[in-house]
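Have a look at the structure below before the remarks.
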Amino acid sequence: DTEVTQTPKHLVMGMTNKKSLKCEQHMGHRAMYWYKQKAKKPPELMFVYSYEKLSINESVPSRFSPECPNSSLLNLHLHALQPEDSALYLCASSQEATGGNGYTFGSGTRLTVV
Amino acid sequence: GENVEQHPSTLSVQEGDSAVIKCTYSDSASNYFPWYKQELGKRPQLIIDIRSNVGEKKDQRIAVTLNKTAKHFSLHITETQPEDSAVYFCAVPALRAGNMLTFGGGTRLMVKP
Numbered sequence: 251d252t253e254v255t256q257t258p259k260h261l262v263m264g265m266t267n268k269k270s271l272k273c274e275q276h277m278g279h280r281a282m283y284w285y286k287q288k289a290k291k292p293p294e295l296m297f298v299y300s301y302e303k304l305s306i307n308e309s310v311p312s313r314f315s316p317e318c319p320n321s322s323l324l325n326l327h328l329h330a331l332q333p334e335d336s337a338l339y340l341c342a343s344s345q346e347a348t349g350g351n352g353y354t355f356g357s358g359t360r361l362t363v364v
Numbered sequence: 002g003e004n005v006e007q008h009p010s011t012l013s014v015q016e017g018d019s020a021v022i023k024c025t026y027s028d029s030a031s032n033y034f035p036w037y038k039q040e041l042g043k044r045p046q047l048i049i050d051i052r053s054n055v056g057e058k059k060d061q062r063i064a065v066t067l068n069k070t071a072k073h074f075s076l077h078i079t080e081t082q083p084e085d086s087a088v089y090f091c092a093v094p095a096l097r098a099g100n101m102l103t104f105g106g107g108t109r110l111m112v113k114p
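In the order they appear, the protein sequences are chains Y and A. 251 is the number of the first residue of the first sequence in this note's numbering; add one for each residue after it. 2 is the number of the first residue of the second sequence in this note's numbering; add one for each residue after it.
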């Protein structure tokens, strides 16, 4: 299995809703990432997990809450989002938490906040 | 922090022509330089990468060249085809982000048949 799987593919949520994005990989990668991508912009790093521990939080608002239940799974819990949080949320993984390897990206969750 | 500048932002070429996209970076300690291709509505996919101990790497119609002294690296696509149309991103490990990959602004390549 050489893929990163993200669910759901699309999500529409209200500003008072609570939802979760899920990411899964079975490549034995020990680093997992959340990136946010707005239209016509590059991916921007949000969080990095290394060996199931949060190692980097790029000053992301607390309405985004990551969780890594085990080495294969990564969640992003969403609560009280704003319309400007609408974006493509990409999960990625790599063998180690470093910029020295290529990342494998999932297909993303396209989030719309209404 | 790491600045990653990518040029041009858009590039239109005729099918069969070559395309070159350039990326400049600021941290001389950077040692890994990947290129990603993102088709409309799809995930970024790694298409080629180079490490700082080599100056050029080729994979069929694509190549990456690295000039460490000048701190820039370039993506070269020869004999372009319509399916090469996509947004291409360079990336560099950014010290300010724990050495995680930071992406350039992207280049929208359009290959006209």
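Glycine is no exception: its CB is placed at the ideal position from the N, C-alpha and C atoms. Every value quoted in this text rests on a predicted model; they were computed, and no experiment measured them.
Quick one: is G356(Y) near chain A, going by C-beta distance under 8 Å? Answer yes: the Cβ-Cβ gap between G356(Y) and chain A drops below 8 Å somewhere.
Close beta carbons around G358(Y), own chain, < 7 Å, minus the five adjacent residues each side: Within the same chain, G358(Y) has close Cβ partners Q256, L338, Y339 and L340.
Is there a C-beta anywhere in chain Y that falls below 8 Å from the one on F104(A)? Yes, its Cβ sits closer than 8 Å to a Cβ of chain Y.
Partner residues on chain A for P293(Y), Cβ-Cβ distance less than 8 Å: Those are P45, F90 and F104, listed as they occur along chain A.
P83(A) (DSSP reduced to helix, strand or coil): Of the three classes helix, strand and coil, the one that applies to P83(A) here is helix, per DSSP.
What three-state label does DSSP hand P333(Y) in the structure shown? helix
Which stretch, first to last residue, makes up the beta strand (DSSP E) that contains V363(Y)? T359 to V363
Start-to-end residues for the beta strand (DSSP E) that takes in H73(A): H73 to I78
Mapping the DSSP letters down to three states, classify G328(Y) as helix, strand or coil. The amino acid at residue 328(Y) is misidentified as Gly; the sequence shows Leu. L328(Y): strand per DSSP, three-state reduction.
Would you list, in sequence order, the uninterrupted beta strand (DSSP E) runs of no fewer than 3 residues that lie entirely inside the stretch 254 to 286 of chain Y? 254 to 257, 260 to 263 and 268 to 275
Just tell me which of L102(A), F90(A), M101(A) and N100(A) has its CA closest to the CA of A9(A). It is Pro, not Ala, that sits at residue 9(A) in the sequence shown. Shortest Cα-Cα distance from P9(A) to any of L102(A), F90(A), M101(A) and N100(A) involves F90(A).
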